[in-house]
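Everything below concerns the one structure shown next.
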Amino acid sequence: MPADFLDRLAEGRVPPPRGQKLVRLAEALATSVSYLVGLDPDTPPPAELLEEEQGSLGLLAGDEEALLRAYRRLDFPQKAAVVLVVRSMAGPEPVADAVPPKRVGRK
Numbered sequence: 065m066p067a068d069f070l071d072r073l074a075e076g077r078v079p080p081p082r083g084q085k086l087v088r089l090a091e092a093l094a095t096s097v098s099y100l101v102g103l104d105p106d107t108p109p110p111a112e113l114l115e116e117e118q119g120s121l122g123l124l125a126g127d128e129e130a131l132l133r134a135y136r137r138l139d140f141p142q143k144a145a146v147v148l149v150v151r152s153m154a155g156p157e158p159v160a161d162a163v164p165p166k167r168v169g170r171k
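According to the numbering used here, the stretch in the sequence shown is residues 65 to 171, in order.
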């Protein structure tokens, strides 16, 4: 991992590691994977976090897959509620750089 990885991770500029990278990071910091993800150090970490990142293959990551499976079990009103909650938690979607329209005519 790059020397500034922890700084970039703390600032949210890089996604959290998963799989073996997460395990190696925990080992390097002499702590547990559970502690790194905010759980009680004696609690086993969720299996999804130990699965390797698959985003580069165009597949869902383990935690994304688990969320999708749970979402698919919901009925329609529950799905709508979940979407509203997630959108509010995620904040506004980024807007592409807006270019003001050109004015034609007099100033």
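Note that beta-carbon positions come from the ideal geometry of N, C-alpha and C, so glycine has one too.
- Secondary structure at Val146: helix, using DSSP grouped into helix, strand and coil.
- Of the other Cβ atoms in all chains shown, 16 or more fall within 10 Å of the Cβ of Pro81; this residue is therefore buried.
- Exposure of Ala145 is indicated by the presence of fewer than 16 other C-beta atoms within 10 angstroms of its C-beta.
- Put simply, the backbone Cα of Leu103 is about 12 Å away from that of Thr95.
- From the listed residues Val87, Ala92 and Gln84, the smallest Cα separation to Ala67 is found for Ala92.
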